[in-house]
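In UniProt numbering, the protein residues as written are 1 to 329. Glycine is no exception: its CB is placed at the ideal position from the N, C-alpha and C atoms.
This is the structure:
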């Protein structure tokens, strides 16, 4: 069970408090999303931008930093982490990104570095008497490399210094892109996880694909044809199995809905398992349930575990742990 951005259903995401709360709830792993500052430090934010998750708009001294970046098939206008030094990032405070969740803890916590998160993981492992895992996601790796701020080498170095640079370590490095995972396969024995995105689901229950969630961005840059759907075919899974140990599709690839009823795509799970790949899925949220589950988040977990899913990313670690324990019994 992976705590998605920490206990982000309760606290501002990607804060030390959110990670610690998730571990106290019984999470097996915490998930820091990794981006780079202007001066090359690795910090944790879900995106390489700051408006939704921080108090950046309360800092008039940074008003001129907002800009638009084109990614070919889409654009982002925001304040980019890569335009700020670590010292500047440390003046910001984290906020809950969902409007309908509690904002009682907004502006209480700063933006942690990845090194701080690794130190927290080590302390919590000692205190809990168990090895807490970590699942860092490299955000926008091609963007960072093109800016001269590559993340992969620094990430591996930090994990190495934390004693986690091994195939047996409780670590997966994840990415929505593919080229950086293939490069990491040659760089480290740490397990790798391929994320598979999607945009929405149409009336027939089919996953729709629109930029930026239609294909890995490195495919856009290289001109490679295809979409995330191709990565979930037998041939696509064959390729993933050459560098990764886990494939992690958005949950609607596995369970979609037509006329209010679920369509179970167990073939994806079966095909992945046949190639030695584990299957994780994301993101399970108590407050974002499909109507089919009638307000019972445990029902969604039970359905996915019953299909053979090996792991889940959840905003609500306590619910995820309870659902896993119930299923195991």
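How would you call residue i, buried or exposed, if buried means at least 16 neighbouring beta carbons within 10 angstroms?
{"i": "residue 130", "result": "exposed"}
{"i": "residue 249", "result": "buried"}
{"i": "residue 320", "result": "buried"}
{"i": "residue 188", "result": "buried"}
{"i": "residue 327", "result": "exposed"}
{"i": "residue 363", "result": "Look at the range of the chain in this structure, 1 to 329, and you will see that residue 363 is not part of it."}
{"i": "residue 210", "result": "exposed"}
{"i": "residue 266", "result": "exposed"}
{"i": "residue 141", "result": "buried"}
{"i": "residue 82", "result": "buried"}
{"i": "residue 325", "result": "exposed"}
{"i": "residue 311", "result": "buried"}
{"i": "residue 128", "result": "exposed"}
Is residue i near residue j, with beta carbons less than 7 Å apart?
{"i": "residue 212", "j": "residue 178", "result": "no"}
{"i": "residue 343", "j": "residue 232", "result": "With the chain represented from 1 up to 329, any question about residue 343 goes unanswered, as that position is not in the structure."}
{"i": "residue 53", "j": "residue 315", "result": "no"}
{"i": "residue 252", "j": "residue 309", "result": "no"}
{"i": "residue 16", "j": "residue 170", "result": "no"}
{"i": "residue 4", "j": "residue 313", "result": "yes"}
{"i": "residue 94", "j": "residue 12", "result": "yes"}
{"i": "residue 43", "j": "residue 132", "result": "no"}
{"i": "residue 255", "j": "residue 194", "result": "no"}
To the nearest angstrom, how far is the alpha carbon of residue i from that of residue j?
{"i": "residue 204", "j": "residue 18", "result": "38 Å"}
{"i": "residue 146", "j": "residue 60", "result": "29 Å"}
{"i": "residue 197", "j": "residue 214", "result": "7 Å"}
{"i": "residue 298", "j": "residue 85", "result": "42 Å"}
{"i": "residue 21", "j": "residue 47", "result": "22 Å"}
{"i": "residue 55", "j": "residue 222", "result": "36 Å"}
{"i": "residue 126", "j": "residue 150", "result": "32 Å"}
{"i": "residue 50", "j": "residue 34", "result": "13 Å"}
{"i": "residue 342", "j": "residue 58", "result": "This structure does not reach residue 342, given that the chain is present from 1 up to 329, and the question cannot be answered."}
{"i": "residue 124", "j": "residue 152", "result": "25 Å"}
{"i": "residue 276", "j": "residue 70", "result": "37 Å"}
{"i": "residue 186", "j": "residue 154", "result": "15 Å"}
{"i": "residue 109", "j": "residue 163", "result": "27 Å"}
Let's see if you can read the secondary structure: which residues bound the alpha helix (DSSP H) around residue i?
{"i": "residue 67", "result": "Taken as a continuous stretch (DSSP letters only), residue 67 belongs to no alpha helix (DSSP H), being part of the beta strand (DSSP E) at 67 to 70."}
{"i": "residue 219", "result": "217 to 222"}
{"i": "residue 327", "result": "317 to 328"}
{"i": "residue 275", "result": "No alpha helix (DSSP H) contains residue 275, which DSSP labels as neither H nor E."}
{"i": "residue 76", "result": "Element bounds for residue 76: not the alpha helix (DSSP H) but the beta strand (DSSP E), 75 to 78."}
{"i": "residue 121", "result": "114 to 128"}
{"i": "residue 236", "result": "234 to 240"}
In the DSSP assignment, the beta strand (DSSP E) including residue i goes from what residue to what residue?
{"i": "residue 44", "result": "42 to 44"}
{"i": "residue 297", "result": "Unbroken run through residue 297 is the alpha helix (DSSP H), 297 to 307; no beta strand (DSSP E)."}
{"i": "residue 191", "result": "191 to 196"}
{"i": "residue 284", "result": "278 to 284"}
{"i": "residue 175", "result": "172 to 175"}
{"i": "residue 30", "result": "29 to 31"}
{"i": "residue 249", "result": "246 to 249"}
Cβ-heavy atom distance between residue i and the ligand NAD below 6 Å?
{"i": "residue 222", "result": "For the ligand NAD, the structure offers nothing, since it holds no ligand at all."}
Does the count of Cβ pairs from the region 173 to 181 and the region 134 to 144 closer than 8 Å reach three? The region 173 to 181, when compared against the region 134 to 144, does touch it at the 8 Å Cβ threshold.
Are three or more beta carbon pairs between the region 219 to 239 and the region 291 to 301 nearer than 8 Å? Taking a contact to require three or more Cβ pairs closer than 8 Å, the region 219 to 239 and the region 291 to 301 do not qualify as touching.
Kindly confirm or deny that the region 89 to 109 and the region 64 to 73 touch, where touching means at least three C-beta pairs closer than 8 Å. The way I'd put it, the region 89 to 109 doesn't touch the region 64 to 73; fewer than three beta-carbon pairs between them come closer than 8 Å.
Between the region 68 to 77 and the region 26 to 41, do three or more beta carbon pairs fall short of 8 Å? The region 26 to 41 and the region 68 to 77 do not touch, with fewer than three beta-carbon pairs separated by less than 8 Å.
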